[in-house]
Each structure stands twice: as C-alpha cells, then as structure tokens.
Amino acid sequence: MKNKKSNNDSITIVTGVIGSDVHAVGNKILTFKLEEAGFNVINLGVMVDQEEYIDAALETNADAIMVSSLYGHGEIDCRGLREKCDEAGLTDIPLIVGGNLVVGKQNFEDVEKRFIDMGFTKVYPPGSDIEEGIEYLKDLLKVQKS
Amino acid sequence: MNLLTADIGSTYTKLTAINTVQEKIIATAIAFTTIETDVLEGFNKAYSKIKNIAPSFNYDKLYCCSSAAGGLKMVAIGLVPELTSKAAKLAASSAGAKVVKSYAFELSPDEQIEIQNINADLILLSGGTDGGNKEVIIQNAKRLTEIEGNFRVIVAGNKSATSEITQIFKASNKQFVITENVMPSFNKLNIEPAREKIKELFINHIIEAKGLNRLQEMSENDIIPTPLSVLMACELLSNGTSDEDGMGELVAIDIGGATTDIYSIAEGKPTVANTIIKGLPEPRSKRSVEGDLGMRYSLSSLRDEINLESLSKSAHVDMGIIDFWINRCIDRPESIAESGSAEQIIEEYLAHSAAKIAIERHVGKYDLVYTPLGETFALTGKDLTSIKTVIGIGGVIVNAMNPIDILKSVEKSPEDINYAKPIGPDYLIDKRYIFSSMGLLSKDYPSLAVKLLKGNTVKIN
Ligand code: B12
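Chains as they are written, first to last, in our numbering: chain S, 34 to 179; chain W, 927 to 1387.
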C-alpha cells in the first residue's frame, strides 16, 4: 500500500455500480459526499465491469475501491474481484461494498460473511448511511480528520 | 502564385503543381524515390515531368511531406492497455507516426529486445494519471535506458514522476523531452501536447536522420510526416472553411505496402438507444495505423490473419498460384500484378481483407448487456454507422480494377452485429492522389485545398 498523506485530497477512491446495474442515483450521492469530504474520486458510473475498477485503480494509484450494487445481483457480480486485484498487483487494496447486495431481505450477517469470504474488506447493509462509510475510510486510511 | 507540393514516399515521389489564381492543379507527376542516394534525384525527375506538361510553371513556394526511409517509426508505452497505453498510441498515430507496437505495464526483457529491434525514431513513454501510479513509468524509463539505439524519448505520463525520470535519462545518454500527460486524469485524453512534441522532434531531428535536409533547405515550410498531412487533408475536407463548405463526417482508408491506415473525422456518438459509453473517449480526428496489415512489407502477418482458401474457392484461383504470388511479393516488394490477371484478383482480395480488419480495429464496438430490465448496449470507441462518406486514398485502392469491392469491406454487414461500421455510405476515391498534398496547404490556403479536394474526390458507386 502506498504511503499515507495528511490530507484527504491525495486519497484516491474508485467508485462505481457493478455489473448490469443501472441505479444511478446512489452512486452520484456517494461520489458527491466523498468529494465533499475531500477525497479524489474516480467515479466510473453505472454498469461497471470488474476490469474497469482495476484499470482505473492501477492508473490512478487508488487507495480503495468502493463498489455499489443495488439490484440484487451483487454477489454474482462481485465474485472474483479480489482475485483479479491480486492478479493485477493491487494486492492489499481495500474493497468496500454497499447497496442492496442481495435479493430481498436476508440475514445481513450471512450476507456480510459471504462478501468477507470473497475478499471484501468491509460490507454495508441496505440503507447504510454514507457518512458511516466515509468515517470508516478515513480511519482505515489513517487520514487526519479535519 | 504557383505552389509545388512534394510527397516523398519510400518508393515514389509525387509532385503536384498548383496555381492559386486559377485555383487549379496544373500538373501532377510521379518518379521513383532514390532515398539511398539522394531524395533530390527523384524530386528533380518528377519536377522535369511537371515542366514537360507545363513548361512555364515555376514554383514560388514549396511544401513537402515525407514517409521515406520507413516513415516516422514509433513505439508507444503506457500502463494499462485500455488507458494510457491506448492514449499514447492515439497520440503517436495522430501525429502521423507509424506506431510499430504499443506496450503496457513494466517492460519485460523480451520486450526490451523487441524494442531494440524495432529501431524506432521516437518512443512515447506514458503511464499513470497525474498523481497516480508512478512506479511503472519510472521502471520503464530505466528499462529504456538499457536499450541501445538512437531513439529519442517523449515523456508524457504522470507529472509526479517527471523529476525522477529526468534524473534517469540525464544519467544515461538518452535524448528526451518532457511534456504533458496523455491522460492527466482518469479517462481524460490530452494528446495535443505529445502530438506537438512529436512533430517538433520530427522537424528538428528526424528530417536530418532521414537524409531530407537538402530538400528542407529548398523549402521555407517544415517537412512533416505524410500521414499527418493526410490527416490534415481529411479534417479540412470534412470541416471546410468559412468560404468553402466541407463534406461533413467521413472515413478515409489508405492501404500501403507496410501499413493500413484508417482516418475518421467524426464525433462517433452512439446511434443506438439505451447505450452507455465505455472506455477512453476518442478524438474526433482519429487515425489508426496497422503495422501488421500491409500489401508487401507486412504481407506475411496479413496472410496469417485471413482465409485464403475461401478466396481460392470463390474466385476459382488455385491455392498454388495464391501461395506463389504472396511469397513472391514478400521476397520482392516491387512486384506488380498485371492488369486483369489472377494475381490482381489476389491483390484486391488482400486489400479488401486488410481494410476489413483495419476498420474493425478502428471503429467502436457494441456489447449487448442483458439486464433485469432488458437489453442494454455498451459502446467502446466511435460509432461510425451514420458516416455517409468513405474515401479510398493511395495507389492500392485507386488503381484497383474494382476499388469499390475493396472499400465495401468497411461496410456493416448482417454478421457485424458488434462493429459500429458505416451503413450504406457513398464511396469515393482520391483519383489524383492529392490528399497528402492538400494537407500541406491547410494552413496557408485552406479554402483552395478544400475546393481542390472536393473537385478531385470522385464518387464511384
Ligand atoms: C429508481 C429505481 C429504479 C430505476 C433506476 C433509475 C436510475 N437510472 O437510477 C429503474 C426503473 C431503472 C430501476 C430498475 C430496476 N430496479 Co430499481 N429501484 C429504484 C428505487 C425505487 C430507487 C433507487 C434510488 O435511486 N434510490 C435512492 C438512492 C439515493 O439510494 P440507493 O440507490 O439505495 O443508494 C444509497 C445507499 O444504498 C447507499 N449506498 C449505495 N452504494 C453504497 C456503497 C457503499 C460502500 C456504501 C457505504 C453505501 C452505499 O448510499 C446511497 C446514497 O444514500 C429502488 C427502491 C428504493 N426505494 O430504494 C428500486 C430497487 C433498487 N430496484 C430494484 C429492482 C429489483 C430493480 C429491477 C431489477 C426491476 C426489474 N425487475 O426490472 C431493475 C434493475 C435494472 C438494472 N439493470 O439495474 C429493487 C432491488 C431489490 C433487491 N436488491 O433486492 C429495489 C430495492 C426496489 C424493491 N424494493 O424491490 N429501478
């Protein structure tokens, strides 16, 4: 992982809605909030392939990838992302995921475990507050809070 | 005012004599280029032919472009294939270079050897957005210093890496220049500064290395790479000027002995509903150059990519004849097929195939994505389906028995579900080979150039 700097400005986060998912609103809010918090955001928009997250993270030397999935197919879409990151040399990049990851209302602990087993660093349940995710990020990347 | 333009190629020198008052082409002439001895020999021979046609013609101004001595040979290097590596390749191609190969990620020892063997004039080194990854571009700078050769390096990558890269190149004896990043932020293309640098280096150094300084001394205008001049002509013909209307969006194809070049002057916006756009945005003026698709010097790689059996069956030409002709052209690039012969049929099939593969690499692709809502499309690259003007330039197409059959390879057929190729365009040819010449006039005489281009680009269907 690269050296941490003291302001959020130099922290680069790649975001996007994975798979064939077209729910665009949450992604825009997420990007807006992250930028407001001072992060450098590379927003890939909707319908993002795993490879696109990786390519973007490589070129921009990103500090974390934040994946959104809203339409219920998150589990299938996210499978293999960690392995592909490893393959591309992004060995310990944090992978954070949130949205409506699975179909219907399932026990979140089970869902969380399945995503952690897939190599995700942090998993958020439906209806999570973005602020929570931002605080977590700052903490994880040891950013000095303003 | 009398103008003379010269296009110095590897085999031919083409001259065009123009009168600006009459607004017409007085004469054109072609002679063999003699680059080994002196380009001026070919020039003088062609000029005396001009004088034979128009004895009173004396030029006031001379404009030249050149693709002699292998053209402007370049290698492009980036980090991710679809991002900075592609951006670097686009920058070099649109500067008129022959991009022999492009590389991504850290160069391997095999790739270092390959680059050494390519013996490029210039190497464009990119990688990382500004503030992004710098390890790879720094490593690649080091690897380049280990490669022997007289190439110059243009560094157009992550600005945060430039001071280290400067030290690396200074410590070695490699010539280098630094310019703006080809992709300063994610998916933002910025190829103009690198393009300018390439042009500058061509004018200041490559001209001399290619033995063109005596020609340069005769002209007050800089000699530029021929493909750059052709690209400028395409832009001019497409856009027009305030006095002379252009032809709108267009595609031009030039099949040569070493490469197949495709030019598109078009926005390339999606024409299909429910489409989302993927990948690096491409420039309105785009040139792609395929170094593995050529009628002579890269015929062996072209042969590997096409099905000659189907030619044999459809045209009733014996496979033996096909193989014999292709091998002969590889051994003796100067071979010319006789008009109306079986060899000419083979040649036109090769040209058709080269253009088909080249256009499929040039145009955007639609991928069908099944979503819970139904079908959606993702477009990567330029959608050229609505282009109505396709122009054939260069001898292979213009001299063909059936130029239209070669050009039709660019048209979208029912099997081409994915390729955003033109649908039902008009086909035209540059019948007097004036594209490279008119591009040279684009700065000083743009309206005249548009007028002459329009008058000499004729419809063939
Ligand atoms: C609008 C909408 C659509 C629109 C989208 C338009 C557009 N281009 O954006 C359309 C009509 C296209 C649509 C289609 C579908 N939709 Co819809 N849609 C919605 C709806 C009503 C609102 C979504 C929205 O914009 N919310 C507002 C934003 C601000 O909230 P958000 O998206 O949830 O994002 C927030 C959080 O989730 C969180 N967050 C998001 N990502 C991340 C990541 C991290 C790391 C963190 C920390 C937080 C976080 O922060 C965001 C901002 O606050 C929701 C129901 C709902 N009320 O949520 C259904 C909903 C998302 N859709 C649903 C479904 C099923 C579909 C379809 C499959 C329907 C179908 N059968 O055709 C299709 C799928 C299309 C596709 N390929 O993606 C389901 C998903 C069910 C599931 N996962 O179990 C929902 C929940 C409706 C439901 N209750 O059934 N939909």
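Glycine included, C-beta positions come from ideal geometry on N, C-alpha and C.
Ser179(S) - DSSP class collapsed to helix/strand/coil: Confidence at Ser179(S) is low in this model, with a pLDDT of 43, below 50, so its placement is unreliable and the value that follows should be read with caution. In this structure, Ser179(S) counts as coil in the three-state DSSP scheme.
Using a Cβ cut-off of 9 Å, which residues of the stretch 1090-1115 of chain W contact any Cβ in chain C, in chain order? Judged by its chain identifiers, the structure shown contains no chain C, and its protein chains are S and W.
Spell out a yes or no on whether the stretch 100-120 of chain S and the stretch 997-1012 of chain W are touching, meaning 3 or more CB-CB pairs, one atom from each, closer than 8 Å. no
Closer than 7 Å at the beta carbon, the chain W residues around Ala70(S): Those do not exist, as Ala70(S) stays about 18 Å from chain W at its closest Cβ, beyond 7 Å.
What does Ile1202(W) reach in chain S if we use C-beta pairs closer than 9 Å? Val55, Gly78, Val79 and Met80
Taking only beta carbons into account, state which residues of the stretch 1292-1304 of chain W come closer than 9 Å to chain S, listed in chain order. Val1295, Tyr1296, Thr1297, Pro1298, Leu1299, Thr1302 and Ala1304
Neighbourhood of Ile1319(W) by C-beta distance below 8 Å, restricted to the same chain and skipping five residues each side: Val1156, Ala1178, Ile1179, Asp1180, Ile1355, Asp1356, Tyr1359 and Phe1361
Run through chain W and tell me which residues come within less than 7 Å of Leu91(S), C-beta to C-beta. Leu1005, Val1006 and Asn1059
Anything in chain S within Cβ reach of Leu1009(W), meaning under 9 Å, just list it in chain order. Asp88, Ala89, Leu91 and Glu92
Please report whether the beta-carbon of Thr1088(W) lies at a distance below 8 Å from any beta-carbon of chain S. no
Would the beta-carbon of Asp82(S) be found less than 7 Å away from any heavy atom of the ligand B12? no
Below 8 Å on the Cβ atoms is my contact criterion, and I expect Lys1369(W) with Glu949(W) to pass it. Report the Cβ-Cβ distance as a whole number of Å. Not confirmed; about 17 Å, so no contact.
Report the three-state DSSP secondary structure of Asp172(S) (helix, strand or coil). helix
Strictly under 8 Å for the Cβ-Cβ distance: is Gly1054(W) near chain S by that measure? yes
Excluding the five sequence neighbours on either side, which residues of its own chain have a C-beta within less than 7 Å of the C-beta of Ile1330(W), listed in chain order? Tyr1353, Ile1386 and Asn1387
Helix, strand or coil for His56(S)? Go by DSSP, reduced to three states. coil
Taking Cβ positions, are Arg1287(W) and Ser1214(W) nearer each other than 8 Å? yes
Three-state secondary structure assigned by DSSP to Pro1372(W): helix
Would you decide whether Phe1112(W) is buried or exposed? Buried here means 16 or more other CB atoms lie within 10 Å of its CB. buried
Return yes when at least one heavy atom of the ligand B12 lies under 7 Å from the C-beta of Gly1182(W), else no. no
Cβ-based burial, Arg1069(W) [other Cβ within 10 Å; buried from 16]: buried
Are the stretch 1253-1261 of chain W and the stretch 1294-1309 of chain W touching, with three or more C-beta to C-beta distances below 8 Å? no
What residues from chain W crowd round Ile163(S), counting only those whose CB sits closer than 9 Å? Ordered by position in chain W, no residue passes the 9 Å Cβ test against Ile163(S), which lies about 21 Å from the chain.
Give the range of the beta strand (DSSP E) segment to which Phe1102(W) is assigned. Gln1101 to Ile1104
Would you report the Cα separation of Gly131(S) and Asn1328(W), rounded to the nearest angstrom? 59 Å
Proximity test, Cβ basis, 8 Å: Asn36(S) and chain W: Note that Asn36(S) scores 43 on pLDDT, short of 50, meaning its location in the model is unreliable; the coordinates nonetheless yield the value given after this. So, not an interface residue.
Report buried or exposed for Pro981(W), applying the criterion of at least 16 other Cβ atoms within 10 angstroms of its Cβ. exposed
Given Ser179(S), which residues of its chain have a CB within under 7 Å of its CB, disregarding the five upstream and five downstream residues? Legend: pLDDT at Ser179(S) = 43, less than 50; position of this residue unreliable, no value from coordinates given.
Kindly list the residues whose CB is nearer than 6 Å to the CB of Ala957(W), restricted to its own chain and excluding five residues on each side of it in sequence; keep chain order. Thr939, Gly968, Lys971 and Ala972
Give the single residue among Gly59(S), Pro127(S), Ile163(S) and Ile87(S) whose Cα lies nearest to the Cα of Leu103(S). Gly59(S)
Euclidean distance between Cα positions of Gln1093(W) and Ser1335(W): 49 Å
Residues that Tyr104(S) contacts on chain W, provided the C-beta gap is smaller than 7 Å: Pro1298
Beta-carbon gap between Val965(W) and Leu1138(W) smaller than 8 Å: yes
C-beta neighbour in chain W for Ile167(S), strict 8 Å: no
Please list the segments of the beta strand (DSSP E) lying wholly inside the stretch 95-164 of chain S, counting only runs of 3 or more residues, in order along the chain. 97-102 and 128-132
Skipping 5 residues on each side, what residues in its chain have a beta carbon closer than 6 Å to that of Gly1053(W)? Gly1004, Leu1005, Thr1010, Val1062, Ile1063 and Gly1083
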